[in-house]
Amino acid sequence: MRGVTHLIAGLLLAVLFIPYAPNQLLGVFIILLGALIPDIDERSSILGRKIPFISFFTRHRTFFHSLFFAILCMIVLNVFLPRMYVWLFLAGYMSHLFLDAMTPMGVRPFWPSQVRIRGFIRTGGILEKMLFILFTALFLWLLLF
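Quick note: the sequence shown uses the working numbering, first residue 1, plus one each step.
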(Lines of atoms letter the chains of each structure in order from A and count residues from 1; the text may use other names and numbers.)
(Lines give C-alpha, C1' and ligand atoms only; values in the text may rest on other atoms or scores of the structure.)
Protein backbone atom coordinates (compact mmCIF):
# COMPACT_ATOMS: atom_id res chain seq x y z
CA MET A 1 0.00 0.00 0.00
CA ARG A 2 1.08 3.58 -0.53
CA GLY A 3 2.04 5.88 2.34
CA VAL A 4 -1.12 7.96 2.01
CA THR A 5 -3.26 4.85 2.51
CA HIS A 6 -1.28 3.99 5.64
CA LEU A 7 -1.71 7.58 6.86
CA ILE A 8 -5.49 7.65 6.38
CA ALA A 9 -5.79 4.23 8.05
CA GLY A 10 -3.80 5.65 10.98
CA LEU A 11 -6.03 8.72 11.14
CA LEU A 12 -9.09 6.48 11.11
CA LEU A 13 -7.68 4.55 14.07
CA ALA A 14 -6.82 7.83 15.77
CA VAL A 15 -10.45 8.98 15.64
CA LEU A 16 -11.49 5.70 17.24
CA PHE A 17 -8.83 5.45 19.96
CA ILE A 18 -7.71 9.01 20.74
CA PRO A 19 -10.49 9.74 23.24
CA TYR A 20 -8.64 7.33 25.57
CA ALA A 21 -5.26 9.06 25.30
CA PRO A 22 -4.18 11.53 28.01
CA ASN A 23 -2.59 13.80 25.39
CA GLN A 24 -4.55 13.50 22.17
CA LEU A 25 -2.02 15.25 19.93
CA LEU A 26 0.76 12.95 21.14
CA GLY A 27 -1.59 10.00 20.64
CA VAL A 28 -2.25 10.94 17.01
CA PHE A 29 1.47 11.37 16.39
CA ILE A 30 2.24 7.95 17.88
CA ILE A 31 -0.47 6.16 15.89
CA LEU A 32 0.77 7.77 12.67
CA LEU A 33 4.37 6.91 13.54
CA GLY A 34 3.30 3.30 14.05
CA ALA A 35 1.44 3.33 10.73
CA LEU A 36 4.48 4.65 8.84
CA ILE A 37 7.53 3.16 10.55
CA PRO A 38 7.45 -0.29 8.87
CA ASP A 39 8.35 1.41 5.57
CA ILE A 40 11.35 3.24 7.02
CA ASP A 41 13.60 0.85 5.10
CA GLU A 42 12.06 1.92 1.76
CA ARG A 43 14.01 4.93 0.44
CA SER A 44 10.99 6.40 -1.35
CA SER A 45 8.62 6.12 1.64
CA ILE A 46 7.52 9.06 3.80
CA LEU A 47 9.97 8.19 6.61
CA GLY A 48 12.55 6.56 4.32
CA ARG A 49 13.10 9.89 2.56
CA LYS A 50 13.92 11.47 5.93
CA ILE A 51 16.31 8.69 7.00
CA PRO A 52 17.53 7.14 3.73
CA PHE A 53 20.56 5.33 5.15
CA ILE A 54 18.39 2.70 6.88
CA SER A 55 17.63 1.09 3.51
CA PHE A 56 21.30 0.10 3.25
CA PHE A 57 21.02 -2.20 6.26
CA THR A 58 17.91 -4.24 5.49
CA ARG A 59 15.66 -5.31 2.65
CA HIS A 60 12.12 -3.94 2.44
CA ARG A 61 9.35 -5.93 4.15
CA THR A 62 11.69 -7.97 6.30
CA PHE A 63 12.74 -6.89 9.81
CA PHE A 64 10.63 -3.72 9.99
CA HIS A 65 7.50 -5.58 8.85
CA SER A 66 7.81 -8.28 11.51
CA LEU A 67 6.13 -8.91 14.82
CA PHE A 68 9.63 -9.13 16.30
CA PHE A 69 10.17 -5.45 15.50
CA ALA A 70 6.73 -4.58 16.90
CA ILE A 71 7.56 -6.27 20.20
CA LEU A 72 10.97 -4.56 20.31
CA CYS A 73 9.30 -1.17 19.78
CA MET A 74 6.74 -1.89 22.46
CA ILE A 75 9.46 -2.76 24.98
CA VAL A 76 11.41 0.43 24.21
CA LEU A 77 8.33 2.68 24.19
CA ASN A 78 7.11 1.16 27.45
CA VAL A 79 10.24 2.52 29.15
CA PHE A 80 9.53 6.10 28.06
CA LEU A 81 5.76 6.42 27.62
CA PRO A 82 2.58 5.47 29.45
CA ARG A 83 1.21 2.12 28.35
CA MET A 84 -1.73 3.68 26.48
CA TYR A 85 0.68 5.23 23.96
CA VAL A 86 2.43 1.89 23.49
CA TRP A 87 -0.94 0.36 22.51
CA LEU A 88 -1.64 3.27 20.17
CA PHE A 89 1.70 2.69 18.45
CA LEU A 90 0.87 -1.00 18.11
CA ALA A 91 -2.54 -0.18 16.59
CA GLY A 92 -0.91 1.98 13.91
CA TYR A 93 1.85 -0.55 13.31
CA MET A 94 -0.54 -3.49 12.98
CA SER A 95 -2.75 -1.51 10.60
CA HIS A 96 0.29 -1.15 8.36
CA LEU A 97 1.06 -4.87 8.45
CA PHE A 98 -2.61 -5.73 7.87
CA LEU A 99 -2.80 -3.48 4.80
CA ASP A 100 0.49 -4.73 3.37
CA ALA A 101 -0.67 -8.31 3.90
CA MET A 102 -3.43 -7.57 1.38
CA THR A 103 -0.87 -6.97 -1.40
CA PRO A 104 0.70 -9.65 -3.65
CA MET A 105 4.12 -9.03 -2.04
CA GLY A 106 2.54 -9.57 1.36
CA VAL A 107 4.37 -9.59 4.69
CA ARG A 108 6.46 -12.05 6.64
CA PRO A 109 5.21 -11.36 10.18
CA PHE A 110 7.45 -14.03 11.71
CA TRP A 111 10.59 -12.89 9.88
CA PRO A 112 13.16 -14.41 9.37
CA SER A 113 10.72 -17.26 8.76
CA GLN A 114 9.68 -17.56 5.12
CA VAL A 115 5.97 -17.76 6.08
CA ARG A 116 4.27 -15.05 4.07
CA ILE A 117 0.74 -13.65 4.23
CA ARG A 118 -0.36 -12.10 0.96
CA GLY A 119 -3.42 -10.91 -0.87
CA PHE A 120 -4.43 -9.54 -4.25
CA ILE A 121 -4.68 -5.74 -3.85
CA ARG A 122 -2.02 -4.09 -5.99
CA THR A 123 -0.21 -1.07 -4.58
CA GLY A 124 -1.49 1.97 -6.41
CA GLY A 125 -4.19 -0.09 -8.14
CA ILE A 126 -7.91 0.57 -8.31
CA LEU A 127 -8.71 -1.54 -5.22
CA GLU A 128 -6.19 0.37 -3.11
CA LYS A 129 -7.65 3.64 -4.35
CA MET A 130 -11.11 2.39 -3.39
CA LEU A 131 -9.82 1.45 0.08
CA PHE A 132 -8.29 4.91 0.41
CA ILE A 133 -11.62 6.54 -0.50
CA LEU A 134 -13.49 4.26 1.93
CA PHE A 135 -11.06 5.02 4.77
CA THR A 136 -11.24 8.74 4.02
CA ALA A 137 -15.05 8.69 4.01
CA LEU A 138 -15.14 6.74 7.29
CA PHE A 139 -12.59 9.10 8.84
CA LEU A 140 -14.58 12.18 7.87
CA TRP A 141 -17.87 10.60 8.95
CA LEU A 142 -16.46 9.68 12.39
CA LEU A 143 -14.80 13.07 12.75
CA LEU A 144 -17.90 15.05 11.88
CA PHE A 145 -20.58 12.95 13.60
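C-beta atoms are modelled at their ideal positions from N, C-alpha and C, and glycine is treated no differently.
By the C-beta criterion, the stretch 84 to 99 is judged to be in contact with the stretch 21 to 36, since at least 3 inter-stretch pairs fall below 8 Å. For F110, the number of other beta carbons within 10 angstroms of its own is below 16, and it is reported as exposed.
Out of M130, V15 and F98, the CA that lies nearest to the CA of I30 is found in V15.
Between the stretch 119 to 128 and the stretch 95 to 105, the count of C-beta pairs closer than 8 Å reaches three or more; the two stretches touch. Closest in C-alpha terms to Q114, from the list L144, H65, I18 and L13, comes H65. Residues of the same chain with a CB within less than 6 Å of the CB of E42, apart from the 5 flanking positions on each side, are G48 and H60 in chain order.
For V107, the three-state secondary structure derived from DSSP is strand.
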